[in-house]
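To start, the structure itself, in structure tokens.
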Amino acid sequence: NYQPVSGSIPGFPGFHIIHRNGNKGELDTFFTRKTTSCLWHQDVGYERQPPEYVMLCLLEGPKVGGDTVFAATDEAYKRLSPAMQKFLDGIKVKHSSENMINHTKLAGGLVRKDPVASVHPLIRVHPVTGARCIFVNGEFITNAVGLKDVEWKAISDFLLQHIIGMHDIQARVHWSPRTVVLFDNRSTLHTAVVDYVDDEHGAQPRHIFRLAAMAEKPIPVS
Numbered sequence: 001n002y003q004p005v006s007g008s009i010p011g012f013p014g015f016h017i018i019h020r021n022g023n024k025g026e027l028d029t030f031f032t033r034k035t036t037s038c039l040w041h042q043d044v045g046y047e048r049q050p051p052e053y054v055m056l057c058l059l060e061g062p063k064v065g066g067d068t069v070f071a072a073t074d075e076a077y078k079r080l081s082p083a084m085q086k087f088l089d090g091i092k093v094k095h096s097s098e099n100m101i102n103h104t105k106l107a108g109g110l111v112r113k114d115p116v117a118s119v120h121p122l123i124r125v126h127p128v129t130g131a132r133c134i135f136v137n138g139e140f141i142t143n144a145v146g147l148k149d150v151e152w153k154a155i156s157d158f159l160l161q162h163i164i165g166m167h168d169i170q171a172r173v174h175w176s177p178r179t180v181v182l183f184d185n186r187s188t189l190h191t192a193v194v195d196y197v198d199d200e201h202g203a204q205p206r207h208i209f210r211l212a213a214m215a216e217k218p219i220p221v222s
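The sequence shown: position 179 = 179 (full-length UniProt numbering), numbered continuously.
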């Protein structure tokens, strides 16, 4: 699995290079459309076989801030009522990279791959633990199969707020150079926290690389 809109090491396309060079203007532009820098997601969910284990390593980062927060989507599923679980078990959703790629093109960024779209179960079964995990994504899901857009938006908003609001199922990683984090992309959501920018000092650089191992096609509830 490689990221279609970021740089990589020559000869090693699987290395995903995430480099923010301290450009405060980039963040200012982002906030013309959004009210928060947090974007809860799983990596590369639009692929037919999204990643399982993902490794992140910080090369350079701000002295204060710039944490990454992770949330356990298997535990989030357990805390739903049985009736809600049963309702969600049968929903399928479409993940697409089209919006991300179009936005990157408009910004003059690097695009290495054409848009990809896949339909996945909203609730996926972890192949190792057998746990049911909420496969929701704040970035890549465009619609739910058979549901109206407003119906899917209500479900998506509820699930994201359900997960984001439960701090007791979350872990927060504070980075220092050469910190390595390994996480299971199938049973977690995560977001970067861009809190290292201010009007007086601007933004500090943040330089990370990522490796992702391809997993199975998401398993639906049988």
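Positions of the beta carbon are idealized from the N, C-alpha and C atoms, including for glycine. Computed from a predicted model, the values in this text were never measured in an experiment.
Item: Less than 8 angstroms between the C-beta atoms of Phe-135 and Leu-147, yes or no?; Value: no
Item: Enumerate in chain order the residues of its own chain whose CB-to-CB distance from Ile-18 is below 8 angstroms, with the five nearest sequence positions on each side excluded.; Value: Ser-6, Arg-206, His-207, Ile-208, Phe-209, Arg-210
Item: Leaving out five residues on either side along the sequence, give the residues of the same chain with a beta carbon under 7 angstroms from the beta carbon of Ala-76.; Value: Ile-134, His-162, Ile-163, Met-166, Ile-169
Item: What does the Cβ neighbour count give for Leu-182, buried or exposed, with the cut at 16 atoms within 10 Å?; Value: exposed
Item: Run through DSSP, which three-state label would Asn-21 get?; Value: coil
Item: Helix, strand or coil for Trp-91 per DSSP?; Value: Per the sequence presented here, residue 91 reads as Ile, with Trp not at that position. Correct three-state label for Ile-91: coil.
Item: Taking buried to mean at least 16 other C-beta atoms within 10 Å of its own C-beta, is Gln-42 buried or exposed?; Value: buried
Item: Got a sec? Which residues, its chain only, sit under 7 angstroms from Gln-49 by beta carbon, not counting five neighbours each side?; Value: Met-214, Ala-215, Glu-216, Lys-217
Item: How many angstroms separate the CA atom of Leu-88 from the CA atom of Pro-220?; Value: 11 angstroms
Item: Is the beta carbon of Lys-153 less than 8 angstroms from the beta carbon of Val-119?; Value: no
Item: Sort Arg-33, Ser-187, Asn-143 by Cα distance to Ile-91 and report the nearest one.; Value: Asn-143
Item: DSSP on Asn-143, reduced to helix/strand/coil?; Value: strand
Item: Quickly, what does DSSP pair Pro-10 with across the bridge? List them, please.; Value: BP columns for Pro-10 are empty, so no partner.
Item: Can you give me the Cβ contacts of Arg-172 inside the same chain, cut-off strictly under 6 angstroms, excluding the 5 residues immediately before and after it?; Value: Asp-67, Val-69
Item: Given that a residue counts as buried once 16 or more other Cβ atoms are within 10 Å of its Cβ, and exposed if not, what is Gly-45?; Value: buried
Item: Who does Glu-60 pair with in a DSSP beta bridge?; Value: His-207
Item: Between the alpha carbons of Val-125 and Glu-47, how many angstroms are there, rounded?; Value: 17 angstroms
Item: With a Cβ-Cβ cutoff of 8 angstroms, do Met-55 and Val-180 count as a contact?; Value: yes
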